[in-house]
Amino acid sequence: LYLSYLKFAIIYVDSCLYSLDKLVEFLTCLIRYRVTHKCSFNGLDYLAEILWNRNSQHPSRLCTWQGVFNIPQFKLWLKFHPRPIYPKSWLWTKEEAALHIQRYVRGWLVRKKTDVQEMRQFWKVIRAEKMDAPEFNYTSNEMEH
12 LYLSYLKFAI IYVDSCLYSL DKLVEFLTCL IRYRVTHKCS FNGLDYLAEI
62 LWNRNSQHPS RLCTWQGVFN IPQFKLWLKF HPRPIYPKSW LWTKEEAALH
112 IQRYVRGWLV RKKTDVQEMR QFWKVIRAEK MDAPEFNYTS NEMEH
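Numbered per our numbering, the sequence shown spans residues 12 to 156.
Given below as structure tokens:
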């Protein structure tokens with residue numbers, strides 16, 4: 012789905028690069044997609060990079076391709092409008108996400124076992140008794156009498 016969407020975006024931007032009506036339609040589509048799918052691909056960043064580097068009024072930019080975070084106007088925009096911090100799960104690769112899911116499921120399977128539940132309950136009771144017991148000060152001389 013992601014690759015087909017990316018190919019669609021590339022073809023659409025290439026065919027209608029400076030048609031304003033279609034550009035606005037494309038931007039609203041990208042915003043709608045970004046809000047509903049929460050993926051790591053940011054279509055607006057991609058579009059800004061394409062428009063900056065393929066600008067027909069500046070053909071020299073095509074030879075010296077710049078990433079979106081190296082574009083001067085984009086840097087200025089981010090200085091005054093910083094982006095919110097994304098949850099770490101949005102920044103994970105598929106492998107990292109799989110490891111986190113596996114770790115959680117393995118822990119859940121272990122905690123589900125009856126012997127582990129009994130041990131956890133035992134330590135929970137011990138902890139509760141320790142909290143209820145009064146503290147003794149063994150350094151004082153009151154206990155020597």
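Just so you know, even glycine gets a beta-carbon here, dropped at the ideal spot from N, CA and C.
Tell me the rounded alpha-carbon separation between L2 and Q84. Absent from the model: residue 2. The displayed extent of the chain is 12 to 156, so no value can be given.
inquiry  = Considering only their Cβ atoms, is the gap separating A109 from S100 smaller than 8 Å?
reply    = no
key: Closer than 8 Å to chain D by CB, L73   = You won't find chain D in this structure, because it holds only one protein chain.
Fill in: Proximity below 8 Å, CB of L73 to CB of R65
yes
- Query: Is K124 helix, strand or coil by DSSP?
  - Reply: coil
Three-state secondary structure assigned by DSSP to H69:
coil
_Taking 8 Å as the limit between beta carbons, can you name the residues of its chain near E155, skipping five residues before and five after?_
At E155 the pLDDT is 48, less than 50, meaning the model places this residue with poor confidence and gives no usable figure here.
On a Cα-Cα basis, can you pick out the residue from F133, G118, D143 and F80 that is closest to L58? F80
What residue does the alpha helix (DSSP H) around N64 start on, and which one ends it?
G54 to N64
Fill in: Buried versus exposed, by CB contacts within 10 Å (16 or more), I96
exposed
| said: If I measure Cβ to Cβ from V121 and keep anything under 7 Å in the same chain, skipping five residues before and after, which residues do I get? | reply: V127
(request) May I ask you to report which of helix, strand or coil DSSP gives H156? (result) Confidence at H156 is low in this model, with a pLDDT of 47, below 50, so the placement of that residue should be treated as unreliable; the coordinate-derived value is given next. In this structure, H156 counts as coil in the three-state DSSP scheme.
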